[in-house]
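Under the numbering used here, think of the first position of the sequence shown as 118, with each following residue one higher. We treat Cβ as the ideally placed atom computed from N, Cα and C, and that holds for glycine.
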Amino acid sequence: MDTNKQLFDAIRKLMNHIPKSWVELTTHRLDIYDEKLAKSEFLSQFEALLLSESYSTEALDSLPTAYDYIRLGHQLSSVLEWFLAKLNQVPSDQVITFASCTMPILAILRRDALVRKPTHIYHNLDSSPLLDETRLRSIYGYQFDVKQVTSASEIPEHQLGTTLFVTQSSYQTPLTNHVNIDATINRHPQFGATIVIHKSPALDPKVTEMVKDVQHVRRRETIAMTPPNALKVLNEMVQDVTSDIELIHSDNLQIVHQCIQDNTGSSITPIVASSGLAIQYAIMMGLVENAITEHPNKPIGLILPPNCYGGTNDQARRIANLIPNTDIFDLLVDGGHDLVTSLDAVLTQVANNNGVPIVLAEIPTNPRVEVPDMSELARVLSQPRKTTGNEDAVKPAFMVDQTFCPNVKLLGQDNLLANVKVISYSSGSKFPSGGRCVAGYCAANNVASEIQNLVSKHLGLSDNGAEPHQINTLAENMPSMPERIKKAYQNTVEFIDHIKRVLPDSKINFVSEALTLQGFTPSVFSLDLPTVGDTKEQREEYKRHLNEKLISFMINRHPDVCKHCVSYGQLKGSYWTVPATSTQGTTKENDKDYIVRVSMAPDIDLVKLSESITEFFQKERIIS
């Protein structure tokens with residue numbers, strides 16, 4: 118675009134053709150997604166469309182997927198970032214939108230803290246852009262100063278650290294690019310904030326790393342500006358009108374809270390966040406603060422499976438890297454290891470070190486859908502332990518991801534875990550919303566109520582609370598969740614039974630009937646297909662290739678039913694993925710699971726799927 122007028126005119130025309138899927142989908146087509154080219158491939162073809170003035174909805178909908186999951190980013194956030202990059206004359210990867218007003222600042226604070234450099238924050242707002250400066254210094258260890266100025270021209274040069282300018286300016290107008298500013302955070306009055314990193318990578322090598330670090334924080338601790346809100350900001354920019362603020366519909370927050378309590382058994386008011394990882398981060402930091410304040414000078418042990426969800430793994434290790442005297446302890450749950458036995462040994466190890474144990478577990482596990490003996494789990498978590506100095510060891514806090522089975526009541530007073538400090542959390546983009554929005558929530562049992570209060574503090578500090586449209590979507594869908602889970606489970610059992618009949622040599626990971634009676638009714642299973650080869654390496658290679666062929670076959674045969682997707686708990690369809698290349702993206706290679714993970718929705722044609730998977734087995738000569 119030669120001029121800003123041409124740019125605005127092009128976006129204005131574009132807004133009349135935005136595909137519905139850009140606004141409504143939580144996960145996108147992975148068959149047109151290349152992770153190495155995330156955002157860049159989409160934008161290059163998007164810009165070509167603009168130049169050709171091919172503004173059809175069909176043409177836009179066929180563009181490569183910008184990101185695989187909207188928490189990370191999406192088509193509309195990418196378009197908004199591209200638009201702002203053009204206005205501010207910087208590369209598009211140097212503009213990053215957030216649903217949170219504070220997380221762009223926290224991303225820089227974290228980066229500087231790790232290299233022990235200060236962050237200089239200037240702003241022209243009415244009050245500090247940081248919501249809890251005391252906690253950021255005392256718990257996170259961030260070093261920073263905050264000063265109010267009337268304009269960017271007042272900002273002096275700093276020889277050490279990063280200089281930020283926080284403002285609230287019209288998104289239609291280019292930002293002031295002062296020589297002493299490394300980046301500007303422009304807060305939108307309603308919909309989050311955008312960070313613009315000004316300097317050229319050619320002139321300042323640290324720019325590339327800064328972009329990478331900020332993106333990683335958005336990826337693991339918060340979310341991009343949501344699709345509905347990004348669309349509203351784009352409309353504001355080109356139509357010069359202020360978007361209506363979406364309010365939480367009457368009683369919807371109460372409906373969501375009641376549904377969470379009903380499904381978890383908690384009697385404490387739950388907390389709803391912008392995403393599952395956002396609430397998970399608040400829980401971890403709440404537990405870390407509790408450990409620091411209640412047990413000063415004692416080491417903190419974060420205990421978690423090395424092959425759990427990759428976002429959990431990465432996030433825990435990033436916290437351990439940030440918080441002094443904090444270590445990761447592997448909780449082995451696969452490869453012949455039992456969660457309870459492993460946990461018993463690790464808790465003893467942490468006790469011997471006079472540490473504070475924080476346990477993270479998935480129940481059921483992802484992707485192998487395993488559930489521990491709950492009575493034995495309660496016993497191990499409650500068991501008194503001694504330090505090497507024969508002092509009473511600190512009792513563990515238990516953080517449990519219930520995303521696979523969010524309707525199991527682990528937090529009730531009559532539960533086996535009632536005397537253990539338990540905080541349960543779930544991703545809202547799965548069963549709770551039926552895939553209609555990203556969100557996350559947590560609830561606590563009675564003995565963990567004080568920790569829940571700390572979680573709320575850290576969620577507020579990060580400005581990661583749920584948006585009104587997320588609450589409204591959850592309120593619309595959560596009341597039907599128990600029935601949808603039941604139906605999806607029934608479909609899963611029937612599909613598994615079919616596979617067992619036609620391919621008895623396959624290994625299927627799923628819950629037993631006994632666990633079903635305890636309330637565990639997931640709609641996800643994992644499949645280890647039979648393999649051949651003279652060596653272990655040959656057999657593994659054959660299996661991996663066969664996995665990919667199965668997924669491709671099912672998706673190509675039923676493109677409207679089967680999706681190559683990292684999600685589950687959707688309203689319709691069947692979702693197929695290999696965890697090692699999707700949900701375990703940050704997991705160490707030796708801990709990855711190269712198996713097929715399948716999820717079934719409550720609304721699906723089982724006859725067609727059963728016929729097709731049988732055809733695949735015959736085609737590959739796995740069965741005659």
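Taken through DSSP and simplified to helix, strand or coil, residue 309 comes out as strand. Here DSSP, grouped into helix, strand and coil, assigns residue 415 to coil. In chain order, 418 and 474 place their CB closer than 6 Å to the CB of residue 467, counting only its own chain and leaving out the 5 sequence neighbours on each side.
Within the model, the alpha-carbon separation for residue 440 versus residue 369 is close to 37 Å. Secondary structure in the stretch 532 to 594: the beta strand (DSSP E) runs of 3 residues or longer, each lying completely within the stretch, are 538 to 544 and 557 to 561 in chain order.
Residues 172 of the same chain have their beta carbon placed closer than 6 Å to that of residue 131, with the five preceding and five following residues left out of the count. With contacts defined by Cβ atoms closer than 8 Å, residue 525 and residue 562 do not form a contacting pair. The beta strand (DSSP E) runs of length 3 or more contained entirely in the stretch 307 to 350 are, from start to end of the chain, 309 to 314. Beta-bridge partners of residue 144 (DSSP): 186. Within the same chain, 605, 687, 688, 689, 690 and 691 come within 7 Å of residue 718 by CB-CB distance, once the 5 residues on both sides are set aside. Taking 8 Å as the cut-off, the beta carbon of residue 194 is found no closer than this to the beta carbon of residue 202.
For the pair residue 513 and residue 476, the CB atoms are nearer than the 8 Å cut-off. Assignment of residue 244 by DSSP, reduced to helix, strand and coil, places it in the coil class. Excluding residues up to 5 positions away in sequence, 308 lie with their Cβ nearer than 6 Å to the Cβ of residue 346 in the same chain. Taken in chain order, the whole alpha helix (DSSP H) runs of length 4 or more contained in the stretch 432 to 496 are 456 to 469. The residue among 712, 593 and 188 with its C-alpha nearest the C-alpha of residue 666 is 712. The stretch 389 to 406 makes contact with the stretch 243 to 260; the number of CB pairs closer than 8 Å reaches 3 or more.
Residue state for residue 500 is assigned as coil, using DSSP reduced to three classes. For residue 518, the enclosing beta strand (DSSP E) stretches over residues 514 to 518. Of all alpha-carbon atoms in 493, 396, 509 and 316, the one lying nearest the alpha-carbon of residue 581 is that of 396.
The Cβ neighbour count for residue 508, taken over all protein chains shown within 10 Å, is under 16; the residue is labelled exposed. Beta bridge pairing from DSSP links residue 714 with 643 and 694. Pairing residue 481 with residue 639 gives a Cβ-Cβ distance under 8 Å.
Less than 8 Å divides the Cβ of residue 136 from the Cβ of residue 174.
C-alpha of residue 231 to C-alpha of residue 438: approximately 8 Å in a straight line. With contacts defined by Cβ atoms closer than 8 Å, residue 527 and residue 546 do not form a contacting pair. With respect to the 8 Å criterion, residue 185 and residue 138 are not classified as neighbours on the basis of their beta carbons. Sorting 462, 233, 472 and 327 by C-alpha distance to the C-alpha of residue 442 places 472 at the top.
Residue 228 has its alpha-carbon roughly 7 Å from the corresponding atom of residue 330. Across the structure, residue 557 and residue 218 are spaced so that their CA atoms are roughly 18 Å apart. For residue 666, the secondary structure class from DSSP, reduced to helix, strand or coil, is helix. Per DSSP, reduced to three states, the secondary structure at residue 376 is helical.
By DSSP's assignment, residue 265 forms a beta bridge with 240. Between the stretch 576 to 591 and the stretch 352 to 368 there are three or more C-beta pairs closer than 8 Å, enough to call the two in contact. By the CB criterion at 8 Å, residue 450 and residue 493 fall outside the cutoff.
Residue 302 carries a strand assignment under DSSP once its states are collapsed to helix, strand and coil.
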